[in-house]
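These notes concern the structure reproduced below.
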Amino acid sequence: MKTTQDKWLFEISSKQKLVSFNFTEIWRYRDLLFLFVKRDIITAYKQTILGPLWYVIQPLFTSVIFTLIFNNLGQIKTGNVDPFLFNLTGITLWNYFKQCLTGTSNTFTKNQNIFGKVYFPRAIMPLSVTISNLVKFGIQFLILVGFYVFYLIKGDNLSVSFNYLMLLPLYVFMMALFGLGFGMLLSAMTTKYRDLTVLVGFGVQLLMYLSAVPYPLSEAKDKFPTTVATLVEYNPLSQIIEGFRFVVLNVGSIEVSKIFITLIICILTFLIGLVIFNKTEKSFIDTV
Amino acid sequence: MMHSNVILKVEGIGKQYRLGLVGTGTITQDLNRWWSRVRGKEDPYLKIGDTNIRSEQGSSNYVWALQNINFEVKQGEVLGIIGKNGAGKSTLLKILSRVTAPTLGTIKSKGRIASLLEVGTGFHPEMTGRENIYLNGAILGMTKSEITSKIDEIIEFSGCLRYIDTPVKRYSSGMTVRLAFAVAAHLEPDILVVDEVLAVGDAEFQKKAIGKMQDISKGQGRTVLFVSHNMASVKQLCDRGIVLKDGKVLFSGGIEDCVEEYLNEHDESTEHRAQVVWSENEAPGSEDFILLGVKTTNHKGQIKSIFLNNESVHICIETKLLSDLNNMRLNFKLYNSNEIIVFSTSSHQFEAVNKRVGIYNYEIVIPPNLLNHDTYKIALQAGMPGIKQILFSTKVLNFSIEKITSSGTTYSTVLPGVIAPNITWNIR
């Protein structure tokens, strides 16, 4: 029975490898990836009057409310920077994380119709969510730049640290990695335990307050009880938000070691998410 | 070399499913499973599980939908997979198309597999027909440039040119299906898996779809795995087949033998019943003609399966003609327990040549004092001589004849012979 000419293109097996992330296969399906991205973008606001304007309205309104509550009412100091701009910066990046997380955490349950019928590398789905949200992030970032210029002309003391500007893509990348990894982890678990979908909904909302979005890290250290302050400080998300604000607005501080540790945490989260995701994708259709 | 053109090899595939509600208790079982894996032991839940017989009560919550499936498919071969509902066909296709993983065993393939399990997967109602062709094509494994080169052909095949730049949500359901099938039909995988897609669309489109299927399998020499309940199209398209029953391979071989085996398997389950009734979906037949029910009665119309030799046997057949046919006839064959044809008869001498759509009831009367003490099988077949068969020979019912003596007791010994008519002896 054994012939050396037998070269199998692929094998479907009951045995599972720990990591079977097939990059060549994903590359072969790259067209699908971009078609999904295109679909997400063009269908997001079909049959709405304001259309893509919604991308802009959401962060602006949230920033206004945050400024009213946290800065006017709550007296949180934001240094040299106008509180509105401070909030807008944090919210822009936070929104990206939130969209990635919520968008990928229901990958299996939302797509069970497609997944139950045809095969393509399942990781395409969360990847496409991350990329299409990157486009939305891009639009929101442009708005941020617009307001930045506006405050600059108004005469506010803003100084971009051009030396650190190259860190900007790194922070966005880390956010994407963390959101994707965390989302894939959750998506694998929601297939069996639906409780998590409920948890994700309000969990993300609460997580925002522990991730230094509406306040700088320094304020947290001053005013929070020490346990909470440590929690916020060691939360990789607050490190990313704080770092992003430092690069854009030059408020707060960053340390190389912390960037490094955060990056490692993000990569680890992504890898763990990927492994769990791969384990689930093979037979989730039986349990979903 | 014979072996080298095997394109797909299925080795010892098994699939276990958990029945009932997946809810509380799953965490404990998950932990149990994980714990035994940590200790390097076998999964405790793999051992239990029954053969998958739908109608019977099992002893555990686990069931083997497929067990020890082995077969090979050669390059360019069209393999038919047949079996009753719940025999494991769809599970097998799901594993082949990598929608779900097998519990045991491996499948090795030398080519890309694409499946037409369900057409129209991933259609987005807000996008136009054209955009959906691209998306759907890519989901099925085509690249963008492949689709671009075929898009005119696809649109033309679908017959939806007028609507191609309109969102799919404005389409009628028939148009959506046409568009979806058009995309699927233009796939060019090495191995194509097809499951009952021919049951979509109107008659004209079905004809087109079957034509395309034949094209793919016969014309282009593609390897196809074809699953269907329609024995006529299976016979038409496939070279070889496997028959699945309760998750196991019952038979594999030439397609004619497979169909025969499948039909016989049907007839086992009808033993000792005096009446069979089919629902329209499961009825034997074809797109033109189906059997709705068969029963055996005595002259008073009482349904029974055991007759005395001095009673007449009335065989009542209810059929439904689904299209107007000329020169169609229903043929009846009676087999005895040795599979010898006792006699055969045909309806064409008794009915009109041209028949219209409708329900037709036939009654065949076997006169008393003709058959011997035996069990007989009724086989029905319908067709248009020289044109096509619309019902392949199907054994539908059994009945028994018991011989009585003039004193009213049954014979303990049976006289040899296929028939036992009343013979007159004149002795002088």
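Protein chains in written order, with the numbering used here: chain A, 2 to 289; chain B, 32 to 459. In this text, a Cβ means the ideal position worked out from N, Cα and C, and glycines have one as well.
Closer than 8 Å to chain A by CB, G153 (chain B) | For this step, residue 153 (chain B) is matched to residue 122 along the second sequence. By this cut-off, G153 (chain B) is an interface position.
Local conformation of D355 (chain B) per DSSP, three classes = Translated into the one-based positions of the second sequence, residue 355 (chain B) becomes position 324. It is coil, neither helix nor strand.
Just reading off the alpha helix (DSSP H) that S317 (chain B) is part of, what are its end residues?
-> Within the second sequence, residue 317 (chain B) is the residue found at index 286, counting from 1. From DSSP, S317 (chain B) is part of no alpha helix (DSSP H); its letter is neither H nor E.
Of the choices B:E108, B:L339, B:A96, B:H404, whose alpha-carbon is the least far from that of Q251 (chain B)?
-> Counting from 1 along the second sequence, the entry for residue 251 (chain B) is found at position 220. Nearest of B:E108, B:L339, B:A96, B:H404 to Q251 (chain B), Cα basis: B:E108.
Just how far apart, CA to CA, sit N163 (chain B) and Q98 (chain B)?
-> Taking the first residue of the second sequence as position 1, residue 163 (chain B) is located at position 132. Taking the first residue of the second sequence as position 1, residue 98 (chain B) is located at position 67. If you take the alpha carbons of N163 (chain B) and Q98 (chain B), they lie about 38 Å apart.
The beta strand (DSSP E) spanning N392 (chain B) covers which residue range?
-> To locate residue 392 (chain B), count along the second sequence from 1; it is residue 361. Element bounds for N392 (chain B): 389-397.
Return the residue from the list B:N362, B:G190, B:I273 that minimises the CA-CA distance to S203 (chain B).
-> The residue given as residue 203 (chain B) occupies position 172 in the second sequence. Of the listed residues, the one whose Cα sits closest to S203 (chain B) is B:G190.
Would you be able to state if there are at least three C-beta pairs under 8 Å between the segment 100-108 of chain A and the segment 167-183 of chain A?
-> yes
Residue closest to G75 (chain A), alpha-carbon to alpha-carbon, out of A:F67, A:N81, A:V82 | Here residue 75 (chain A) is taken as the residue at index 74 of the first sequence, counted from 1. If we check each option's Cα against that of G75 (chain A), A:F67 comes out closest.
Between which two residues does the alpha helix (DSSP H) harbouring T25 (chain A) extend?
-> Translated into positions along the first sequence, residue 25 (chain A) becomes position 24. Run containing T25 (chain A): 24-29, per the alpha helix (DSSP H) assignment.
Using a beta-carbon distance below 8 Å, is S300 (chain B) in contact with chain A?
-> The residue you call residue 300 (chain B) lines up with position 269 of the second sequence. The pLDDT assigned to S300 (chain B) is 46, lower than 50, so where the model puts this residue is not dependable; a value taken from the coordinates is nonetheless given after this. It does not; no Cβ of chain A falls within 8 Å.
Just the chain A side, please: which residues come within less than 8 Å of G142 (chain B) by C-beta, in chain order?
-> For the purposes of this step, residue 142 (chain B) is taken as residue 111 along the second sequence, with counting starting at 1. Those are L10, listed as they occur along chain A.
For S284 (chain A), which residues in chain B fall below 8 Å Cβ to Cβ?
-> Here the question's residue 284 (chain A) lines up with position 283 in the first sequence. What S284 (chain A) touches in chain B: T131, A132.
Cα separation between V255 (chain B) and M126 (chain A)?
-> Here residue 255 (chain B) is taken as the residue at index 224 of the second sequence, counted from 1. Here residue 126 (chain A) is taken as the residue at index 125 of the first sequence, counted from 1. Rounded to the nearest angstrom, the two C-alpha atoms are 29 Å apart.
Taking the alpha carbon of L352 (chain B) as the point to measure from, which residue in B:P399, B:D277, B:P315, B:I346 has its own alpha carbon closest?
-> Locating residue 352 (chain B) in the second sequence gives position 321, counting from the first residue. When each option's Cα is compared against that of L352 (chain B), the closest is B:P315.
Out of curiosity, what's the CA-to-CA distance linking T79 (chain A) and V146 (chain A)?
-> As a first step, residue 79 (chain A) must be located in the first sequence, where it is residue number 78. As a first step, residue 146 (chain A) must be located in the first sequence, where it is residue number 145. Going by the C-alpha atoms only, they are around 18 Å apart.
Which one or two residues does DSSP pair with P198 (chain B) in a beta bridge?
-> For this step, residue 198 (chain B) is matched to residue 167 along the second sequence. B:T159.
Please state if the CB of L211 (chain A) and the CB of V233 (chain A) are separated by a distance shorter than 8 Å.
-> In the first sequence, the residue the question calls residue 233 (chain A) occupies position 232. In the first sequence, the residue the question calls residue 211 (chain A) occupies position 210. In contact: V233 (chain A) and L211 (chain A) (Cβ atoms closer than 8 Å).
Beta-carbon of R341 (chain A) versus every beta-carbon of chain B: anything under 8 Å?
-> Absent from the model: residue 341 (chain A). The displayed extent of chain A is 2 to 289, so no value can be given.
Just mark P217 (chain A) as buried or exposed, buried being the case when its beta carbon has 16 or more other beta carbons within 10 Å.
-> Along the first sequence, one-based indexing puts residue 217 (chain A) at 216. Buried, because 16 or more other Cβ atoms sit within 10 Å of the Cβ of P217 (chain A).
If you measure from the beta carbon of L123 (chain B) to each beta carbon in chain A, is any gap under 8 Å?
-> Reading the second sequence from its first residue, position 92 is the one you call residue 123 (chain B). Put simply, the CB of L123 (chain B) is far from chain A, with every gap to its CB atoms at 8 Å or more.
What whole-angstrom Cβ distance do I13 (chain A) and R129 (chain B) have, given they're in contact under 8 Å?
-> On the first sequence, position 12 is the one that residue 13 (chain A) refers to. On the second sequence, position 98 is the one that residue 129 (chain B) refers to. Confirmed, about 6 Å.
G244 (chain A): which of A:V65, A:T263, A:T231 sits nearest, CA to CA?
-> Numbered from 1 along the first sequence, position 243 holds the residue referred to as residue 244 (chain A). For G244 (chain A), the nearest C-alpha among the options comes from A:T263.
Roughly how many angstroms separate the alpha carbons of I458 (chain B) and S317 (chain B), rounded to a whole number?
-> The residue you call residue 458 (chain B) lines up with position 427 of the second sequence. The residue you call residue 317 (chain B) lines up with position 286 of the second sequence. Rounded to whole angstroms, I458 (chain B) to S317 (chain B) spans 55 Å at the Cα level.
Residue span of the beta strand (DSSP E) that contains H413 (chain B), given as start and end = Within the second sequence, residue 413 (chain B) is the residue found at index 382, counting from 1. In the sequence as presented, His is not what sits at residue 413 (chain B); that position holds Ala. Start and end: 405-415.
Return the chain-ordered list of same chain residues with a C-beta closer than 6 Å to the C-beta of L168 (chain A), the five sequence neighbours on each side being excluded.
-> For the purposes of this step, residue 168 (chain A) is taken as the residue at position 167 of the first sequence. Contacts found: V248.
Assign I247 (chain B) to one of three DSSP states: helix, strand, or coil.
-> Reading the second sequence from its first residue, position 216 is the one you call residue 247 (chain B). The DSSP-derived three-state label of I247 (chain B) is helix.
With a cut-off of 8 Å, does the C-beta of F174 (chain B) fall near any C-beta of chain A?
-> Walking along the second sequence from the start, residue 174 (chain B) turns up at place 143. The amino acid at residue 174 (chain B) is misidentified as Phe; the sequence shows Thr. Closer than 8 Å to some Cβ of chain A, the Cβ of T174 (chain B) qualifies, so yes.
How is the beta strand (DSSP E) around T137 (chain B) delimited, first residue to last?
-> By one-based count along the second sequence, residue 137 (chain B) stands at place 106. First-last of the beta strand (DSSP E) with T137 (chain B): 135-140.
Kindly indicate if chain A contains any beta-carbon less than 8 Å away from that of P452 (chain B).
-> Along the second sequence, read from residue 1 onward, the residue named residue 452 (chain B) stands at position 421. No - not a single Cβ of chain A is within 8 Å of the one on P452 (chain B).
Would you list, in chain order, the members of the segment 104-128 of chain A that have their beta-carbon closer than 8 Å to a beta-carbon of chain B?
-> Listed in sequence order: N114, I115, F116, G117, K118, V119, Y120, F121.
Does the Cβ-Cβ distance between L365 (chain B) and I432 (chain B) come in under 8 Å?
-> Here residue 365 (chain B) refers to the residue found at position 334 when the second sequence is read from its first residue. Here residue 432 (chain B) refers to the residue found at position 401 when the second sequence is read from its first residue. Contact flag unset, no.
Please compile the residues from chain A whose C-beta is within a distance smaller than 8 Å of the C-beta of I126 (chain B).
-> On the second sequence, position 95 is the one that residue 126 (chain B) refers to. I13, listed in chain order.
How would you label G242 (chain B), buried or exposed, when you count the other beta carbons within 10 angstroms and need 16 or more for buried?
-> Walking along the second sequence from the start, residue 242 (chain B) turns up at place 211. Result: exposed.
Who are the neighbours of L166 (chain B) on chain A, taking C-beta pairs under 7 Å?
-> Your numbering for residue 166 (chain B) matches position 135 in the second sequence. Here the neighbours are L36, R40.
In terms of DSSP beta bridges, what is Y93 (chain B) paired with?
-> For the purposes of this step, residue 93 (chain B) is taken as the residue at position 62 of the second sequence. Residue pairing by DSSP places Y93 (chain B) opposite B:R49 in a beta bridge.
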